[in-house]
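Asker: Residue numbers (the working numbering), protein chains in the order written: chain A, 1 to 236; chain B, 237 to 472. Sending over a structure as structure tokens; questions will come in a sec.
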DNA sequence: TTCTATATTTTGTGATATCATTTTTAGGAA
DNA sequence: TTCCTAAAAATGATATCACAAAATATAGAA
């Protein structure tokens, strides 16, 4: 079985929202894995709730493709394959570059400072090897940039992609003894300071490639030694 | 009130799936509008069902941002603003160009023929002014291309964008007496035949701009005569 | 031991009931 | 008429129940 990390429950939250938030968090940090057996009633019993709000939360997560509600009464976390991984990472690059380009006109010095602060905090988490906090802060770093555009509509889509990568990211950390962390946040910040769109998208692509792309392909190749990755290197 | 167009119900469909499909279709063709008052119980009574499957269907649609479940007991179709429209259309361009680029290596002569057939059918619908059938076929034309890539994960995201544009598309047709339809499908097909990625993305951007972008901005500008569109022309 | 058929349990779905809020409606006061 | 207030109605959220279908366990045969 698994232990869903506890999260704070605001009093205004409905039960369904709470279940959604708790499951989402658990999937994001990789506690729920493809081999975990999920059932509506099992989760309801575990959380001491009725099945109704659990089912609704699961349906939302299914819409975001964090989980799959199979017809035959099974609920699963999708298994990562090389081809699927390649598609998701490429989509993530496209989406985040789009979001960054659309946010650039709204970027201020205050915002850049805010991002620098988050990046500084990440350096501490690297020191203390707190991977969960690192993941959350990394998302926060990107999110602050993309939501600078007050009209943006892409953020929920990007979050869905992060959610889909969550379980696999945990596997990556598990399967690799040493896990070198390279982030390109300094380059992102430099591009922002110069309001340089081309440099910005380049830095974001590099950040995603170095952050999960390269290592992910490595892990997947190691699993199936005979196969080469479908679409070659991700870097461009 | 409104009349949700009837749709076929396969025997294997659950009630929730049926409600989802029927509401989704209604929103896509623009029957449900921002001023429509939606309630779970109202829909349940209208469809002669219990509230449970209706609420689940609504939650799924909310996850796809087709509707908004407001905290204060109101369910609404988001109102289209110039800024939101600009964002959604730009996102659509980015997503569909991405999907097309990723599909290109899988494009076959058979697939191009299939797309040509759909395009021919669209010409008939233009003649008969069947806007609903035209919209559906247009989506089908694009979908066939993007799903040529068997590993694609972007299609659900694109469908969510189509869904968000549905209600406004109906408004566009209503508010414009004459509605000139320009599609760039011939250019798309030509680019596919030559396996020319750059020409393909250019044709898709032009198709979206001519299909909904230009007219949409016109309609929105007419609504608020004092305001200019936020980010200038869409064409690039 | 291994396979198969049957019984039992578990599970997802959908309807119904209840409760706390919110919205709407009425009825007066200014 | 317009504005406020209180009663009434409607609404969303959740728990519980019933049912059919699926998964699992059990028991007997090969």
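The beta carbon of each residue, even a glycine, is placed where N, CA and C say it ideally should be. Owing to the predicted nature of the structure, the values given are computational and were not obtained by experimental measurement.
Going along chain B, which residues have a C-beta under 7 Å from residue 88(A)?
Answerer: Ordered by position in chain B, the residues that pass the 7 Å Cβ test against residue 88(A) are 389.
Asker: Taking all protein chains shown into account, do 16 or more other C-beta atoms lie within 10 angstroms of the C-beta of residue 464(B), making it buried, or fewer, making it exposed?
Answerer: Confidence is the limiting factor: at residue 464(B) the pLDDT is only 44, short of 50, which leaves the residue's position unreliable and the question unanswerable from this model.
Asker: Using a Cβ-Cβ distance under 8 Å, would residue 157(A) count as near chain B?
Answerer: Cβ-Cβ to chain B under 8 Å: yes for residue 157(A).
Asker: Using a Cβ distance threshold of 8 Å, determine whether the segment 65-73 of chain A contacts the segment 303-320 of chain B, with at least three qualifying pairs required.
Answerer: Taking 8 Å as the limit for Cβ pairs, the verdict is that the segment 303-320 of chain B does not touch the segment 65-73 of chain A.
Asker: For residue 64(A), which residues in chain B fall below 7 Å Cβ to Cβ?
Answerer: Ordered by position in chain B, the residues that pass the 7 Å Cβ test against residue 64(A) are 299.
Asker: For residue 239(A), which three-state DSSP category applies?
Answerer: Since the displayed chain A opens at 1 and closes at 236, residue 239(A) lies outside it and no answer follows.
Asker: May I have a chain-ordered list of the alpha helix (DSSP H) segments no shorter than 4 residues that lie completely inside the segment 3-32 of chain A?
Answerer: Runs of the alpha helix (DSSP H) inside the segment 3-32 of chain A: 15-28.
Asker: Starting from the Cα of residue 406(B), find the closest Cα among 255(B), 429(B) and 367(B) and give me that residue.
Answerer: Residue 367(B) is the option with its Cα nearest to residue 406(B).
Asker: So what does DSSP say about residue 200(A), is it helix, strand or coil?
Answerer: DSSP places residue 200(A) in helix when its eight states are reduced to three.
Asker: So with Cβ pairs under 8 Å, would you call residue 98(A) a contact of chain B?
Answerer: With 8 Å as the cut-off, residue 98(A) counts as an interface residue toward chain B.
Asker: Would the segment 253-265 of chain B and the segment 283-301 of chain B be scored as touching if the rule is three or more Cβ pairs under 8 Å?
Answerer: Segments in contact, yes.
Asker: Does the CB of residue 330(B) have a neighbour CB from chain A at under 8 Å?
Answerer: For residue 330(B), the answer is yes, since a Cβ of chain A falls inside 8 Å of its Cβ.
Asker: Can you give me, in chain order, the residues of the segment 33-50 of chain A that have a beta carbon less than 7 Å from any beta carbon in chain B?
Answerer: Flagged: no residues at all.
Asker: Could you give the distance in angstroms between the alpha-carbon of residue 396(B) and the alpha-carbon of residue 356(B)?
Answerer: Going by the C-alpha atoms only, they are around 26 Å apart.
Asker: For residue 118(A) versus residue 192(A), is the C-beta spacing smaller than 8 Å?
Answerer: The answer is no: Cβ separation not under 8 Å.
Asker: Per DSSP, which one or two residues make a beta bridge with residue 312(B)?
Answerer: Residue 312(B) is bridged to 304(B).
Asker: So, using beta-carbon positions, are residue 334(B) and residue 81(A) closer together than 8 Å?
Answerer: No, the pair does not count as a contact, with Cβ atoms beyond the cut-off.
Asker: Does DSSP put residue 465(B) in a helix, in a strand, or in coil?
Answerer: Unreliable placement is indicated for residue 465(B), whose pLDDT of 41 sits below 50; the coordinate value is still reported in the next sentence. Coil at residue 465(B), not helix or strand.
Asker: Drop a sphere of 10 angstroms on the beta-carbon of residue 273(B), count the other beta-carbons inside from all chains shown, and report buried for 16 or more, exposed for fewer.
Answerer: Residue 273(B) should be labelled exposed.
Asker: Can you name, in chain order, every residue of its own chain whose Cβ lies under 7 Å from the Cβ of residue 352(B), other than the five neighbours on each side?
Answerer: So the list reads 425, once near-sequence residues are dropped.
Asker: Quick check on DSSP: helix, strand or coil for residue 49(A)?
Answerer: Looking at residue 49(A) - three-state DSSP - the assignment turns out to be coil, as it is neither helix nor strand.
Asker: Tell me which same chain residues have a C-beta within less than 7 Å of the C-beta of residue 60(A), skipping the five on either side of it?
Answerer: For residue 60(A), where only same-chain residues beyond five positions count, the Cβ hits under 7 Å are 20.
Asker: Got a sec? Which residues, its chain only, sit under 7 Å from residue 184(A) by beta carbon, not counting five neighbours each side?
Answerer: The answer, listed in chain order, is 203, 206, 207 and 210.
Asker: If the cut-off is 8 Å on Cβ atoms, which residues from the segment 332-364 of chain B count as contacting chain A, listed in chain order?
Answerer: Listed by position along the chain: 334 and 338.
Asker: Residues of chain A with CB under 8 Å from residue 423(B), in chain order?
Answerer: Those do not exist, as residue 423(B) stays about 22 Å from chain A at its closest Cβ, beyond 8 Å.
Asker: Cβ of residue 59(A) less than 8 Å from any chain B Cβ?
Answerer: Judged by the 8 Å Cβ criterion, residue 59(A) is in contact with chain B.
Asker: Going along chain B, which residues have a C-beta under 9 Å from residue 56(A)?
Answerer: Simply 291, 292 and 295.
Asker: Show which residues of chain B have a CB atom less than 8 Å away from the CB atom of residue 84(A).
Answerer: Per Cβ cutoff of 8 Å: 387 and 389.
Asker: Residue 134(A) CB to nearest chain B CB: under 8 Å?
Answerer: Not closer than 8 Å to any Cβ of chain B, the Cβ of residue 134(A) fails to qualify, so no.
Asker: Going by alpha carbons, who is nearest to residue 394(B) out of 247(B), 243(B) and 264(B)?
Answerer: Minimum Cα distance to residue 394(B) is reached at 264(B).
Asker: Per DSSP, what kind of secondary structure is residue 412(B) in: helix, strand or coil?
Answerer: Coil at residue 412(B), not helix or strand.
Asker: Tell me whether residue 117(A) sits in a helix, a strand or coil according to DSSP, three-state version.
Answerer: Correct three-state label for residue 117(A): helix.
Asker: To which residues of the same chain is residue 201(A) closer than 7 Å at the C-beta, ignoring the five residues directly before and after it?
Answerer: If we look at residue 201(A) and ignore the five residues flanking it on each side, its Cβ neighbours are 97, 100 and 101.
Asker: Exposed or buried, residue 168(A), counting other C-beta atoms within 10 Å across all chains shown (16 or more means buried)?
Answerer: With 16 or more Cβ atoms within 10 Å of its Cβ, residue 168(A) is classed as buried.
Asker: Look at residue 340(B) and residue 433(B) and say whether their C-beta atoms are less than 8 Å apart.
Answerer: Yes; because the gap between Cβ atoms is below 8 Å, this pair is in contact.
Asker: Between residue 230(A) and the rest of its own chain, which residues show a CB-CB distance below 7 Å, the 5 nearest in sequence each way excluded?
Answerer: With a pLDDT of only 39 at residue 230(A), under 50, the local geometry of the prediction cannot be trusted, and the value read off the model is given with reservation. Around residue 230(A): 82, 83 and 86.
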